[in-house]
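One line per chain: the protein sequences are A and B, in this order. Start counting the first sequence at 1; every next residue gets the next number (my numbering). Start counting the second sequence at 349; every next residue gets the next number (my numbering). Here's the structure we're looking at; comments come further down.
Number of protein chains: 2
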Amino acid sequence: MEPAPRVKMADVAAKAGVSVATVSKVVNGRYGVAKETVELVQGVIEELGYAGNLSASSLRMPQTNMLGILVASFEPFSAEMIKGAASVAESSGYELLAHSGGDTHGWERRSLARLGGTLIAGAVLVTPTVLDARTVVPVVAVDPHYGPNRLPTIDADSFTGAERATEHLISLGHTRIAFLGGRSELDSAHLREAGFRNAMAEAGIPIESGFLRETRYQPDRAAEVARELLLRDDRPTAIFAANDVTAIRAMEVAQELGLSVPEDLSVVGFDDVPDATLAKPALTTVRQPLQEMGAEAMRMLLDLIAGVEREHHVRMATELVVRASTGEPPLELRPASAAGDLATASAD
Amino acid sequence: MEPAPRVKMADVAAKAGVSVATVSKVVNGRYGVAKETVELVQGVIEELGYAGNLSASSLRMPQTNMLGILVASFEPFSAEMIKGAASVAESSGYELLAHSGGDTHGWERRSLARLGGTLIAGAVLVTPTVLDARTVVPVVAVDPHYGPNRLPTIDADSFTGAERATEHLISLGHTRIAFLGGRSELDSAHLREAGFRNAMAEAGIPIESGFLRETRYQPDRAAEVARELLLRDDRPTAIFAANDVTAIRAMEVAQELGLSVPEDLSVVGFDDVPDATLAKPALTTVRQPLQEMGAEAMRMLLDLIAGVEREHHVRMATELVVRASTGEPPLELRPASAAGDLATASAD
DNA sequence: CTGTTAGCGCTTTCAG
DNA sequence: CTGAAAGCGCTAACAG
């Protein structure tokens, strides 16, 4: 590595023969500086390639023009949020900083305290779980924690979406449907399970014992659960996972086990991240308007900062997108043809 | 908005009945603090929910554990880079900050100076154009500027990729192929044009006058150029665009003009961003391993920071992905059947 | 109009 | 083992 020439305000001041205070005024466009001085200083700034140190200035100023979007990690879901949020932030005069908190417990609070103290003027939090409403800076949450004392929130209609997905499976002839749940602290995960249960109940189909599982949205955990489920003699003919990433992982496990999708097993996800379309076969899923949710969250944040009154909860519609990962259950596992000998039917 | 209780180190110190210096030592795990004091202070930290202010600490410390990925804006291309970079950063003990510079001239230098002064210990820059090798912190560039004095770099084999794409079109029977170039300052854009020209020359096919254009990767510019091209009497039967976003835009324009893809016009892109698969019809494109490039860039940065010797330029392979946007040219525009009357053949 | 001064919250010598 | 004091780079009164 080359040495590092880091030019600070004092360097500019020295070279221009003025004080740092004057340079600061020029940089921030404050009144009370002679035109000549302004031009002189700007020349030196140009020449030296000076650009202010964010830490230092943000430490001193009451407000910055930086907004944050705080996520647990940069995966497909949060990436879509970021794209949406960025599109509105970029046209608002604010800069955007996306930060991944490292997916450890309490990342929301930590990220917010570390950046929010001074660096950023506000933040949108993606799927936060531990956080109360009293924050250092204005905050809006996307798809947050299940519970009271809520932050201003954007989410999607998880309940209806899950119902539609389940109904789709049922209409195809499935009855042995397993549900791979998400993180039970998240309101949305809760509602997806509720939607699933409701649709099953409405159709009068009992949920098999052991078919209601939790993956915490962790692909590895999903793989493990799927494997266990699919190795049972009375395996499910369909899996509905509470997000796309775990659905795709479950699909991979099925294929490793020699089952083909959708001939032997149907799989439905939730979210419609770009990867859902890329999966082989393309994943049937419940679409959430992810980018639009990110954008709406950013709009709400901007309003909050500007002091504009508005609704503090926006719920967006979801929509079932049928692609190639769902079909009729395999003949030998259909409930209609076999009545009592399901326990002895084996898969491949 | 609620008031903002922001807890600082002094608050912890006061509540614990010690000095800020001691709290600082505890927070940073320095030696020379009594076990009891450590526990006492940690208790208070827990209780108050204290988390250090990043600006303040980074201002004082020589190094932080934060890495940056600096992009012009959060679009599909950079989003893929970020995902890849994040996957390796997150397992390295560093935190990741992604910053969009706002797509104005000189964003690379400005972002780097503002964050690199103190906030971040190193950065990967996505498609930077103005920047010399003498930077404040270790930096690696992904798909950078065309020119000498280069930073440590990750890029993909644009030349071969462009050749393959062009050959694909030629093998389908196309000869009237237009090329929508990118940003000529980027090395990659340069090489894509070179690959196109080379493949055409090898096949002995002349490039029609006006068929070699530049879009600067701007969708609007691409739309304009495509419209002009497709309105000509001697319109191209295929368009090869230097990235997916402009290819998709060109495809839309064709459809607005009543041409169907691929029956009337074949379109090929470059990158294979997720949107390429989502396009209607799915876009034939040259795949760059975007996430892997981001990951490799981050690995290189980590090595740079750790002082590990290694190659400063990694070039990844590209691969043609044939999807639904390419096919044989329409009969009436085939060179084989018509010899000299192309100028009078009209489109729809 | 310009410079001097006093911090922002934190880390780090260096005395007690 | 602990705390007082000096400053990181910058901004905001306040005097000159």
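All residues carry an ideal CB built from backbone N, CA and C; glycine is no exception.
In the three-state reduction of the DSSP assignment, S448 (chain B) falls in the strand class. For V71 (chain A), same chain residues with a beta-carbon under 6 angstroms away, outside a window of 5 residues either side, are S78, S100, V126 in chain order.
Within the stretch 273–299 of chain A, contact with chain B at the beta-carbon level (separation under 9 angstroms) is assigned to V273, P274, D275, T277, L278, A282. Contact between V41 (chain A) and V7 (chain A) does not hold, since the beta-carbon distance rounds to 13 angstroms and is not under 8 angstroms.
Note: F240 (chain A) is bridge-paired with A:F179, A:V268 in the DSSP secondary-structure output. Using a CB distance below 7 angstroms, the part of the stretch 404–421 of chain B facing chain A consists of A404, S406, L407, S421, ordered along the chain. Among the residues of the stretch 447–458 of chain B, those with a Cβ less than 8 angstroms away from any Cβ of chain A are H447, S448, G449, G450, D451, R457, R458, in the order of the chain. The DSSP-derived three-state label of V71 (chain A) is strand. Shortest Cα-Cα distance from V478 (chain B) to any of B:R458, B:F559, B:N591, B:E384 involves B:R458.
Shown in chain order are the members of the stretch 425–436 of chain B whose Cβ falls below 7 angstroms from a Cβ of chain A: A427, I430, K431, A434. C-alpha of H538 (chain B) to C-alpha of G530 (chain B): approximately 8 angstroms in a straight line.
Comparing alpha carbon positions, the residue from B:Y379, B:D491, B:N401 closest to E533 (chain B) is B:D491. One Cα belongs to M548 (chain B), the other to R498 (chain B), and the distance between them is close to 30 angstroms. At a cut-off of 9 angstroms, the C-beta of L467 (chain B) has a neighbouring C-beta in chain A. Using a Cβ-Cβ distance cut-off of 8 angstroms, the stretch 595–604 of chain B and the stretch 567–581 of chain B are in contact, since at least three pairs of beta carbons, one from each stretch, lie closer than that value. For the options A:A226, A:L67, A:V137, A:V268, the alpha carbon positioned closest to that of N243 (chain A) is the one of A:V268. Distance between V286 (chain A) and M357 (chain B), taken at the CA atoms: about 46 angstroms.
Counting C-beta pairs closer than 8 angstroms gives fewer than three between the stretch 275–286 of chain A and the stretch 298–305 of chain A, which falls short of the contact rule.
With the rule of 3 Cβ pairs closer than 8 angstroms, the stretch 437–455 of chain B does not count as touching the stretch 499–506 of chain B. In the three-state reduction of the DSSP assignment, M664 (chain B) falls in the strand class. The C-alpha of D451 (chain B) lies about 17 angstroms from the C-alpha of A471 (chain B). Proximity of L650 (chain B) to chain A, defined by a Cβ-Cβ separation below 9 angstroms, is not satisfied. DSSP, reduced to helix, strand and coil, places A201 (chain A) within a helical segment of the structure shown. No residue range can be given for I207 (chain A), since it is assigned to no beta strand (DSSP E) and is classified by DSSP as neither H nor E. When DSSP states are grouped into helix, strand and coil, M9 (chain A) belongs to the helix group. Using a CB distance below 8 angstroms, the part of the stretch 132–165 of chain A facing chain B consists of A133, R134, T135, V136, V137, P138, ordered along the chain. Comparing C-alpha distances from L517 (chain B) to each of B:E676, B:V381, B:A404 shows the shortest one belongs to B:E676.
Taking L402 (chain B) as reference, the option from A:L119, A:P262, A:E80 with the minimal CA-CA separation is A:L119. In this structure, the CA atom of R227 (chain A) is about 23 angstroms from the CA atom of D271 (chain A). Per DSSP, reduced to three states, the secondary structure at V573 (chain B) is helical. Contact residues of the stretch 32–56 of chain A toward chain B are G49, Y50, A51, G52, N53, L54, S55, A56 (C-beta to C-beta distance below 8 angstroms). In this structure A162 (chain A) touches F196 (chain A) by the C-beta definition: roughly 5 angstroms separates them, less than 8 angstroms. For L172 (chain A) and T166 (chain A), the gap between their C-alpha atoms comes out near 10 angstroms. Note on geometry: alpha-carbon atoms of Y50 (chain A) and P62 (chain A) lie some 23 angstroms from one another. Listed in chain order, the positions of the stretch 543–574 of chain B with a beta carbon within less than 9 angstroms of a beta carbon of chain A would be empty, since no residue qualifies.
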